[in-house]
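Q:
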Amino acid sequence: MSFAQSKSQFHFFGFDALATFSNEVQTVKQVHIQLPQLELARAFFFQNAYLTRSALELNVLAEDFDIQNRADHYLINVLPSCEGSLALSHFNKPGFRRFLAYLLLNKNIRASYESIAQQCQAFESINNTVRTWNFSFIPPNLTDVNIEAHGYYDRLTNTFKIDEIIGFSGLSTHIDKPVYFHHDKFSKASKKSGNTSTIPPKPNHAEPKLNDEEEATPSNKPTIVDAPTTLLDFNDPFETRKVADKTGTKNAVIVDDAQEYIDELIGDVNADEPGIGGSVKAGDFEGAKDQTDDAHLYLDRFSAFMQMLYKLEEKYGIQYSLTLKVLPEVEGFTKHLKADKNPRCIAEVHFIYRGQHFILLEVDTSDNATRLSTQLLTIKDMNSWEEDYEKLRKFVVQKTLNWPLGFIKKIAMRQIRLNHPRIDEGQNVALADLESWASRIYTGLTQ
């Protein structure tokens, strides 16, 4: 879908596009689309309070972020000027980091966002102290992007009038290397006995309460509150991470103060713009959810596991197929993310050996969050495996990185737990240990 030929009339973008309607037989037809300019900006750009307010100010992105293009990554320094208006807790979300990097680095997307402030300044009118402006901006080029939306279809004019955008899929970033974010308050974790500190699970019933009566104070760190989200799906995702120093050290591990995290969840908040004399915490929202399938970006975390699989194939002739998935986000739990705030993945390996189907499961614990055994399973009903596997991944998060043994017994005829060898931060493991690991799995297949 491209806005290249779009025209603005009555604050709508008008364009022709191929559409499929959910309440009809799945046929594609060309229709005319009317998309409110403000709705496109809301769904695509206004993903939190910072991005919403900053859209009306000139040069904010240049003042708040220093971008360095390095040989193997981009380093984006989060500058002090945006502290207090942008909640640093947003950077714990891989989806927000990816979208912010996309906004900052993609010239087309950034120009569209910055046109909001430019057109506001160019066309606003001021009456006493009141600024008014008919919202308008230059739309981004969304060629080949799919938009899912609710609206009204007028058969007489063959026009679909969009009321609400649900999501965007097929987005292209054109960013070909990782993006690292640095802020002085992102601190390096201390290394003690091989374990890394992480944020604890969210306490039961620990939700901030909206208070529209009291004004928020600008000195308080914004608290994230639940809000409707727009779904985003990128064709060419890239890795992002928080780093603890300006060298952009890739393996810097980041932690957040656990008590501060708990305190943010409790008490009254106001989601309006903070003001002097406010008495409650400032609230913020997360208006987008990144549902991109990006597990392949984290394949290097399983390099030792894959070396073991190569040994299994080389020595015993065992053929296999491997798939990675990210562990799902489950409300009230945090272990779907690693200590560096990147997704935690699970490897699923399928074997057919002597006519029998086996599944091997391995969870990424390269941040030393826990020690979790490798699972070798024979499933009772492979027809329901996809549904059961989705449940299993959620249970792993809910059990704080422990296998749901009761559920596994329910779906598996046989379960073998295999301790894997000690693996260092560089995914290095002794050759003898790799061969022993592969041998134990082969023994499990032949029992």
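Note that this note's numbering has the sequence shown beginning at 1176, numbered continuously upward.
Cβ atoms here follow ideal geometry from the backbone N, Cα and C, with glycine treated the same way.
#1: Using the three-state DSSP reduction, which class does residue 1338 fall into: helix, strand or coil?
#2: Given 8 Å as the limit, is there contact between the stretch 1324-1342 and the stretch 1229-1242, that is, 3 or more CB pairs closer than that?
#3: Assuming residue 1585 is part of the alpha helix (DSSP H), what are its boundary residues?
#4: Tell me whether residue 1232 sits in a helix, a strand or coil according to DSSP, three-state version.
#5: Can at least three beta-carbon pairs, one atom from the stretch 1210-1224 and one from the stretch 1344-1355, be found at a separation below 8 Å?
#6: Quick check: the Cα distance between residue 1359 and residue 1262, rounded to an integer number of angstroms?
#7: Since residue 1598 contacts residue 1479 with CB under 8 Å, what's their CB separation in whole angstroms?
#8: Candidates 1484, 1196, 1577, 1621: which alpha carbon is nearest residue 1508's?
#9: Thinking residue 1555 and residue 1269 are a contact (beta carbons under 8 Å), I'd like their distance in whole angstroms, please.
#10: Does the beta-carbon of residue 1537 have 16 or more other beta-carbons within 10 angstroms, so that it is buried, or is it exposed?
#11: Would you mind sorting residue 1389 into buried or exposed? The rule is 16 or more other CB atoms within 10 Å of its CB.
#12: State the Cα-Cα distance for the pair residue 1195 and residue 1330, rounded to the nearest angstrom.
#13: Is it true that the stretch 1550-1565 meets the stretch 1469-1488, where meeting means three or more beta-carbon pairs spaced less than 8 Å apart?
#14: Answer with buried or exposed for residue 1298, where buried requires no fewer than 16 other C-beta atoms within 10 angstroms of its C-beta.
#15: Which residues in the same chain as residue 1408 place their Cβ atom closer than 6 Å to its Cβ, once the five residues preceding and following it in sequence are excluded?
#16: Looking at the structure shown, is residue 1325 part of a helix, part of a strand, or coil, going by DSSP?
#17: Which residues share a DSSP beta bridge with residue 1144?
#18: If you follow the beta strand (DSSP E) that residue 1211 is in, where does it begin and where does it stop?
#19: Along the chain, which unbroken stretches of the alpha helix (DSSP H) at least 4 residues long are found entirely within the stretch 1220-1266?
#20: Quick check on DSSP: helix, strand or coil for residue 1505?
#21: Who are residue 1399's beta bridge partners in DSSP?
#22: Could you check if residue 1218 is buried or exposed, using at least 16 other CB atoms within 10 Å of its CB as the buried criterion?
#23: Considering only DSSP beta bridges, list what residue 1542 is partnered with.
#24: Does the count of Cβ pairs from the stretch 1279-1287 and the stretch 1305-1315 closer than 8 Å reach three?
A: Inspection of the coordinates gives the following:
#1: Residue 1338: strand per DSSP, three-state reduction.
#2: Judged by Cβ distances under 8 Å, the stretch 1324-1342 makes no contact with the stretch 1229-1242, as fewer than three pairs qualify.
#3: 1580-1586 is the extent of the alpha helix (DSSP H) around residue 1585.
#4: Residue 1232 sits in coil when the DSSP states are folded into three classes, being neither helix nor strand.
#5: Touching, no.
#6: Answer to the nearest angstrom: the Cα atoms are 14 Å apart.
#7: Yes, they are in contact, since the Cβ atoms of residue 1598 and residue 1479 sit about 5 Å apart, within 8 Å.
#8: Among 1484, 1196, 1577, 1621, the Cα nearest to that of residue 1508 belongs to 1577.
#9: For a cut-off of 8 Å, the C-beta gap from residue 1555 to residue 1269 is around 35 Å, too long to register as a contact.
#10: Counting every other CB atom within 10 Å of its CB across the protein chains shown gives residue 1537 a total of 16 or more, marking it as buried.
#11: Label assigned to residue 1389: exposed.
#12: Spanning the two alpha carbons is a distance of roughly 14 Å.
#13: Touching, no.
#14: Looking at its Cβ environment, which holds fewer than 16 other Cβ atoms inside 10 Å, residue 1298 is exposed.
#15: The residues are 1344, 1466, 1467.
#16: Strand at residue 1325.
#17: Nothing about residue 1144 can be read from this structure; the chain reaches only from 1176 to 1622.
#18: Run containing residue 1211: 1204-1211, per the beta strand (DSSP E) assignment.
#19: Here the runs fully enclosed are 1224-1229, 1235-1239.
#20: In the three-state scheme derived from DSSP, where H, G and I count as helix and E and B as strand, residue 1505 is classed as coil.
#21: In DSSP, residue 1399 forms a bridge with 1459.
#22: Around the beta carbon of residue 1218, 16 or more other beta carbons sit within 10 angstroms, so the residue counts as buried.
#23: Looking at the DSSP output, residue 1542 shares a beta bridge with no other residue.
#24: Output reads yes: the stretch 1305-1315 touches the stretch 1279-1287.
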